[in-house]
Amino acid sequence: MSYLELRGVTKDFGGLRAVDNLSFEVEQGEIFGIIGPNGSGKTTCFNLINGFYPLTGGEIHFRGRRIDGLPPHRICELGIARTFQVVKPLRRMTVLENVMAGAFLRESRVAAARRRAREVLEFCGLAHRADVEAKSLTIADRKRLEIARALATQPEVLLLDETAAGLNPRECEEAIALIQRIRQSGVTVVVVEHVMKVIMGISDRVLAINFGREIARGTPGEIARHPEVIRAYLGEAHA
Amino acid sequence: MGRKKWLLAAGVLVALVFPLGLRVPYHQHILIMILVWATLGNAWNLLGGYAGQASFGHAAFFGLGAYSAGLLVHHLGISPWWGMLLGPPVATAFALPIGLVCFRLRGPYFALATLALGEIFRLVFTNWVAFTNGARGILILPEFTRKLPYYYIMLAIFALSLVMVRVMVNSKLGYYFVSIREDQDAAEALGIPATRYKLYALLPSAFITGLVGAFYMNYVAFIDPHVVFSLGDVSVMIILVVMMGGVATLWGPAVGAAIYLALSEAFRARFGAVSLLPFGVLVCLVILFMPNGVMGEAARLGKRLAGRREGWGGEPA
Numbered sequence: 025m026s027y028l029e030l031r032g033v034t035k036d037f038g039g040l041r042a043v044d045n046l047s048f049e050v051e052q053g054e055i056f057g058i059i060g061p062n063g064s065g066k067t068t069c070f071n072l073i074n075g076f077y078p079l080t081g082g083e084i085h086f087r088g089r090r091i092d093g094l095p096p097h098r099i100c101e102l103g104i105a106r107t108f109q110v111v112k113p114l115r116r117m118t119v120l121e122n123v124m125a126g127a128f129l130r131e132s133r134v135a136a137a138r139r140r141a142r143e144v145l146e147f148c149g150l151a152h153r154a155d156v157e158a159k160s161l162t163i164a165d166r167k168r169l170e171i172a173r174a175l176a177t178q179p180e181v182l183l184l185d186e187t188a189a190g191l192n193p194r195e196c197e198e199a200i201a202l203i204q205r206i207r208q209s210g211v212t213v214v215v216v217e218h219v220m221k222v223i224m225g226i227s228d229r230v231l232a233i234n235f236g237r238e239i240a241r242g243t244p245g246e247i248a249r250h251p252e253v254i255r256a257y258l259g260e261a262h263a
Numbered sequence: 019m020g021r022k023k024w025l026l027a028a029g030v031l032v033a034l035v036f037p038l039g040l041r042v043p044y045h046q047h048i049l050i051m052i053l054v055w056a057t058l059g060n061a062w063n064l065l066g067g068y069a070g071q072a073s074f075g076h077a078a079f080f081g082l083g084a085y086s087a088g089l090l091v092h093h094l095g096i097s098p099w100w101g102m103l104l105g106p107p108v109a110t111a112f113a114l115p116i117g118l119v120c121f122r123l124r125g126p127y128f129a130l131a132t133l134a135l136g137e138i139f140r141l142v143f144t145n146w147v148a149f150t151n152g153a154r155g156i157l158i159l160p161e162f163t164r165k166l167p168y169y170y171i172m173l174a175i176f177a178l179s180l181v182m183v184r185v186m187v188n189s190k191l192g193y194y195f196v197s198i199r200e201d202q203d204a205a206e207a208l209g210i211p212a213t214r215y216k217l218y219a220l221l222p223s224a225f226i227t228g229l230v231g232a233f234y235m236n237y238v239a240f241i242d243p244h245v246v247f248s249l250g251d252v253s254v255m256i257i258l259v260v261m262m263g264g265v266a267t268l269w270g271p272a273v274g275a276a277i278y279l280a281l282s283e284a285f286r287a288r289f290g291a292v293s294l295l296p297f298g299v300l301v302c303l304v305i306l307f308m309p310n311g312v313m314g315e316a317a318r319l320g321k322r323l324a325g326r327r328e329g330w331g332g333e334p335a
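The listed protein sequences correspond, in order, to chains A and B. All residue numbers for the first sequence refer to the working numbering, where the first residue is 25 and numbers rise by one. All residue numbers for the second sequence refer to the working numbering, where the first residue is 19 and numbers rise by one.
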């Protein structure tokens, strides 16, 4: 039995097929990378796993249970949390309160949720910003907050959507270190990423997609040399 | 913390003793109406302020509460005080299907749906003459001739609503309400069932609103559909009271109600029939220049002075 599995998943938006008969499996404990050019269907994939969009076709299974068709809050409850590419801070709440909103999923008492949230902030290196309103964070800290808030729900699987986009090289390094710490803590991570360096550096396995279809799959080294991937990113002449 | 407790104790004492010193019934009436609007504001604030679901149809719940009491007398000859037991559950029972339907909509669409809803109730209660006595309304004999008993009953209802809001927003519920207000998609991704928690805000809100409606029937002794289901004089007025005092602040509705009632009565005394015009201008100015209301601005000022944030209230996003 596979851990997290997409079987022939298809998603149409009107006449546009955003995800086309896509199948892959994520194994427990790994960092699984998904790459692809702009508009190739990476974020749509997350929106399907996390229940924001209904599937046009196919099935999604998690720990032997079919999860497509469930609402987003149920999927989070089952242990799949996500971040958003376009960060969604709860603007007029403090950083701590943002993370508490996540922690309440498993702790219904305020004091316990606050304690849990402080631990997560510490883990993510955001503790010094705990009492700041979320809307006044820098973009790098907002990305950290996205991760912290998702971690506070105590997920088994964490879907990270373009965490490194818009970060400078140093912030990128920090993000990579954080993602590795998250994996070490026992959480399975699925990363959608544009920044090659990030995804190639941390992923155990990588799936490359274009126009919603799989074009390659393998270790980061294999993917980087794959002619289809090079064609998708750099064009025919370089393949 | 100690200072706050003393302040609260002093406030309770003043609220209990102050009306005894008022000799003019009109002044006592103003106090009762301030409590009525403060309580309605508390109820609205739970849903519209904290959970961010701006209802333009709270007159529906107010009217249902009032008619629950009125129709008991009208049809069965039972004391309208029983209406205070019947009104809140009736309003809550109607709120449940309303919420299930309207919470499929977001933002302005939700507001418009609730606005239409209030109007629907007004029209039904105007035209269903056999059951509601239509536009002739319902007249009862008031229980007390003095104002004071009504004042203390309403004070108790206000206190109940205040404690209820405070307990709710300081628990998990409050965090979830504000999360849904700030970003519903993010909230759902954090495992928050948004529709269910919006109902957790709506149902107590309707309950309190229905309770105040039932009290209003007992106190004023006359209702008709145009008064209790009024869009302008109930639904929108609740919103203005909360906006003036401070959306999503604990004491905002009370402060807003006091200022609103005092000002509108003063303008009425000074300008008579045209009082609505200067009053309307003033309300516009407040909304333009104090969008956070009195308590919201006070919290912001306090925060700037103390360098920290207070309450859930808010600056506009």
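For glycine and all other residues, C-beta sits at the position ideal for the given N, C-alpha and C.
CA-CA distance, G117(B) to A69(B), rounds to 13 Å. Within 10 angstroms of the beta-carbon of S132(A) lie fewer than 16 other beta-carbons, which makes it exposed.
For K216(B), no Cβ of chain A is located within less than 8 Å of the residue's own Cβ. Judged by beta-carbon spacing, V312(B) lies within the 8 Å limit of M262(B), meaning their Cβ atoms are closer than that value. With respect to G101(B), A87(B) sits close: the two C-beta atoms are nearer than 8 Å. Taken in chain order, the unbroken stretches of beta strand (DSSP E) that lie wholly in the stretch 93-159 of chain A and span 3 residues or more are 104-106. Sorting T34(A), V110(A), E101(A) by C-alpha distance to the C-alpha of T187(A) places V110(A) at the top.
The beta carbon of I171(A) is closer than 8 Å to those of T107, C148, L182, L184, T187, L202, I206 in its chain, skipping five residues each way along the sequence. Listed by position along chain B, the residues whose Cβ is nearer than 8 Å to that of T177(A) are L208, G209. Along the stretch 312-324 of chain B, there is no position whose C-beta sits under 8 Å from a C-beta of chain A. Judged by DSSP secondary structure, G245(A) falls within the alpha helix (DSSP H) whose first and last residues are 244-249.
When beta bridges are read from the DSSP output, V54(B) appears opposite no residue. In the three-state scheme derived from DSSP, where H, G and I count as helix and E and B as strand, T132(B) is classed as helix. Closest in C-alpha terms to A61(B), from the list A287(B), V260(B), G209(B), S293(B), comes V260(B). At least one CB atom of chain A sits nearer than 8 Å to the CB of Y193(B). As the crow flies, the alpha-carbon of L306(B) is around 14 Å from that of F297(B).
The beta-bridge partner set that DSSP reports for K35(A) consists of V43(A). A distance below 8 Å separates the beta carbons of L90(B) and L104(B).
Taking 8 Å as the cut-off, the Cβ atoms of I226(B) and S282(B) do not count as close.
N236(B) sits in a helix when the DSSP states are folded into three classes. At a cut-off of 8 Å between beta-carbon atoms, V265(B) makes no contact with chain A. From the beta-carbon of G126(A), the residues of chain B found nearer than 8 Å are L208, G209. Assigned with DSSP and collapsed to three states, R255(A) falls in helix.
As DSSP reads the structure, L231(A) sits in a beta bridge with I58(A), R241(A). DSSP places T80(A) outside both helix and strand once states are collapsed to three, so it counts as coil.
Its chain contains R140, T177, Q178 as the residues whose beta carbon lies nearer than 8 Å to that of R130(A), once the 5 sequence neighbours on both sides are disregarded; these appear in chain order. Counting only runs that start and end inside the stretch 129-201 of chain B, there is no beta strand (DSSP E) element of at least 3 residues.
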